[in-house]
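*Asks:* The structure follows.
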Amino acid sequence: MPSYRPWGSTEDGRIEFESLTNETLEGALNVIRKSFFLYEPISVAVDLKSEPGAPEELEELCLFAAKDGVSVVAVDITTNEVVGVAFNKIQLFNGSSEKNYFERFSENCKYKSSKALVDFMINIDARVNLFKHYNVNCILELMFLATLPDHGKRRIGELLTISSLELGKELRRGKNVKTPVMIHGSDEVTNADAIPALLSCIPTSNYSYRIMRKLHFDLLLEVSFDEFEINGKKYSEKIDPVHQQCYLMAKRLTI
């Protein structure tokens, strides 16, 4: 078995898409640091970059997601640099009142801005019960999608999403395409037997929203950034006016 699982490439063949591995983990985190944490509208809204320690706290969220073995990276084959990432997280139906993964993570957050970002995700997720809406018990959540700023307009975000969909479909076909990643001394895959039936995401930019619409995701919710505030300022006051709402979107992993 290869050390990574390829999911395709750009038309010119320069960017390849593959499952996240030990070798690409640091590069994937670097993309999140240089792109998502700095420029994603929700990161701007909560002032993430202005609070030392907060970005590192969210890196831990990425690491926990990586343990599920279902994240995908884009690699420039000429430089071997990771230029894009989709950190994907397995979510399981919980019929009890027990807190879900993100709620537990939020409780342990030490920084206001990182907690605000996670609480925002919890808020949007809670507005529609995707498990009941689609009658599924396992969801693959595209948690963080990012591309290095100097690699924009090359369809990398779109192809990362397509790769994530294909990974989910392969799991549905009974293929073990989860890739172990060494996190804090352990490469045990979490949620190892879980098979998702749905890919969900919360686009907070028009760019990611357009990707999901192009790929025929269902639009379940549209929420104005006016509804959220931090330190007495609405999110909408801080974000580029081009991005004034977020969305909850999903697509069945049909095979």
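For the sequence shown, this note's numbering begins at 2 and goes up steadily by one. The C-beta atom is built at its ideal place from N, Cα and C for all residues, glycine as well.
What would DSSP say about Ala75, mapped onto helix, strand or coil?
*Replies:* Within the sequence shown, the letter at position 74 stands for residue 75. Per DSSP, reduced to three states, the secondary structure at Ala75 is strand.
*Asks:* Quick one: give me the first and last residue of the alpha helix (DSSP H) that Ala66 is part of.
*Replies:* Translated into positions along the sequence shown, residue 66 becomes position 65. 55-67 is the extent of the alpha helix (DSSP H) around Ala66.
*Asks:* Could you check what DSSP says for Ile33 in three-state terms: helix, strand or coil?
*Replies:* Residue numbering aside, residue 33 sits at position 32 when the sequence shown is read from its first letter. It is helical.
*Asks:* Consult DSSP for Val45 and reduce its assignment to one of helix, strand or coil.
*Replies:* Counting from 1 along the sequence shown, the entry for residue 45 is found at position 44. The answer is helix: DSSP assigns Val45 an H, G or I state.
*Asks:* What number of angstroms, rounded off, separates the C-alpha of Ile125 from the C-alpha of Val73?
*Replies:* Within the sequence shown, the letter at position 124 stands for residue 125. Within the sequence shown, the letter at position 72 stands for residue 73. Approximately 24 Å between the Cα atoms of the pair.
*Asks:* Using CA coordinates, which residue listed in Lys176, Asp77, Asn95 is at the minimum distance from Asp151?
*Replies:* One-based indexing of the sequence shown puts residue 151 at position 150. Closest option to Asp151, Cα to Cα, is Asp77.
*Asks:* Got a sec? Which residues, its chain only, sit under 7 Å from Ile212 by beta carbon, not counting five neighbours each side?
*Replies:* Counting from one through the sequence shown, the residue named residue 212 turns up at place 211. Counting only Cβ-Cβ distances below 7 Å, and skipping sequence neighbours, we find Gly158, Glu159, Thr162.
*Asks:* Just verifying my parser: in three-state terms, what is the DSSP assignment at Asn207?
*Replies:* Taking the sequence shown and counting its residues from 1, one reaches residue 207 at position 206. If DSSP states are grouped into helix, strand and coil, Asn207 belongs with the helices.
*Asks:* Would you identify the three-state DSSP class for Glu159, choosing helix, strand or coil?
*Replies:* For this step, residue 159 is matched to residue 158 along the sequence shown. Under the three-state reduction of DSSP, Glu159 is assigned to helix.
*Asks:* Helix, strand or coil for Ala147? Go by DSSP, reduced to three states.
*Replies:* In the sequence shown, residue 147 corresponds to position 146, counting from 1. Looking at Ala147 - three-state DSSP - the assignment turns out to be strand.
*Asks:* What does DSSP give as the partner residue(s) for Tyr248 in the beta ladder?
*Replies:* Stepping through the sequence shown from its first residue, residue 248 is reached at position 247. Per DSSP, Glu223.
*Asks:* Quick one: any contact between the segment 140-155 and the segment 85-99, if contact means 3 or more CB pairs under 8 Å?
*Replies:* yes
*Asks:* Between Leu168 and Val71, how many whole angstroms is the CB-CB distance? I'm expecting something under 8 Å.
*Replies:* In the sequence shown, the residue the question calls residue 168 occupies position 167. In the sequence shown, the residue the question calls residue 71 occupies position 70. Going by Cβ atoms, the distance from Leu168 to Val71 rounds to 6 Å, so yes, they are a contact pair.
*Asks:* Of the choices Glu12, Leu131, Glu58, whose alpha-carbon is the least far from that of Asn96?
*Replies:* Within the sequence shown, the letter at position 95 stands for residue 96. Going by the sequence as given, residue 96 is Gly instead of Asn. It is Leu131 whose Cα lies nearest to the Cα of Gly96.
*Asks:* Helix, strand or coil for Asn23, going by three-state DSSP, please let me know.
*Replies:* Counting from one through the sequence shown, the residue named residue 23 turns up at place 22. Residue state, collapsed to three classes: helix.
*Asks:* Tell me the rounded alpha-carbon separation between Pro3 and Lys179.
*Replies:* Numbered from 1 along the sequence shown, position 2 holds the residue referred to as residue 3. Numbered from 1 along the sequence shown, position 178 holds the residue referred to as residue 179. With a pLDDT of only 42 at Pro3, under 50, the local geometry of the prediction cannot be trusted, and the value read off the model is given with reservation. Straight-line Cα distance between these residues: approximately 12 Å.
*Asks:* Determine the direct distance from the alpha carbon of Leu39 to that of Gly9, and round the result to whole angstroms.
*Replies:* Looking up residue 9 in the sequence shown gives position 8. Looking up residue 39 in the sequence shown gives position 38. Each residue's alpha carbon lies about 28 Å from the other.
*Asks:* Compare the C-alpha of Ile16 against each of Phe121, Phe229, Arg156 and name the closest.
*Replies:* Translated into the one-based positions of the sequence shown, residue 16 becomes position 15. Ile16 has its Cα closest to that of Arg156, out of Phe121, Phe229, Arg156.
*Asks:* Taking the alpha-carbon positions, what's the Gly153 to Ile196 distance?
*Replies:* Indexing the sequence shown from 1 puts residue 153 at position 152. Indexing the sequence shown from 1 puts residue 196 at position 195. The alpha-carbon separation between Gly153 and Ile196 amounts to approximately 32 Å.
*Asks:* Under 9 Å between the Cβ atoms of Phe218 and Ala251?
*Replies:* Numbered from its first residue, the sequence shown carries residue 218 at position 217. Numbered from its first residue, the sequence shown carries residue 251 at position 250. It is a contact, given that the beta carbons lie within the stated cut-off.
*Asks:* Can you tell me which of Asn232, Leu216, Asn207, Ser20 puts its alpha carbon nearest to the alpha carbon of Ser225?
*Replies:* The residue given as residue 225 occupies position 224 in the sequence shown. Comparing C-alpha distances from Ser225 to each of Asn232, Leu216, Asn207, Ser20 shows the shortest one belongs to Asn207.
*Asks:* May I ask you to report which of helix, strand or coil DSSP gives Pro3?
*Replies:* Along the sequence shown, read from residue 1 onward, the residue named residue 3 stands at position 2. Legend: pLDDT at Pro3 = 42, less than 50; position of this residue unreliable, value from coordinates given subsequently. Pro3: coil per DSSP, three-state reduction.
*Asks:* Between which two residues does the alpha helix (DSSP H) harbouring Glu189 extend?
*Replies:* As a working note, residue 189 is residue 188 in the sequence shown. No alpha helix (DSSP H) holds Glu189; DSSP gives it neither H nor E.
*Asks:* Just mark Thr205 as buried or exposed, buried being the case when its beta carbon has 16 or more other beta carbons within 10 Å.
*Replies:* As a position in the sequence shown, residue 205 is number 204, starting the count at 1. Thr205 should be labelled buried.
*Asks:* Quick check on DSSP: helix, strand or coil for Lys215?
*Replies:* Residue 215 sits at position 214 when you count from the first residue of the sequence shown. Lys215 falls in the helix class under three-state DSSP.
*Asks:* Given a threshold of 16 other Cβ atoms within 10 Å of its Cβ, counted over all protein chains shown, does Ser115 qualify as buried or as exposed?
*Replies:* What you label residue 115 is simply residue 114 of the sequence shown in a count that begins at 1. With 16 or more other Cβ atoms within 10 Å, it is buried.
*Asks:* When the Cα of Glu253 is compared with those of Asp241, Arg173, Leu118, Asp69, which residue comes out closest?
*Replies:* Position 252 of the sequence shown, counting from 1, holds the residue named residue 253. Sequence inspection shows Arg at residue 253; the Glu mentioned does not correspond to that position. The candidate whose alpha carbon is nearest that of Arg253 is Arg173.
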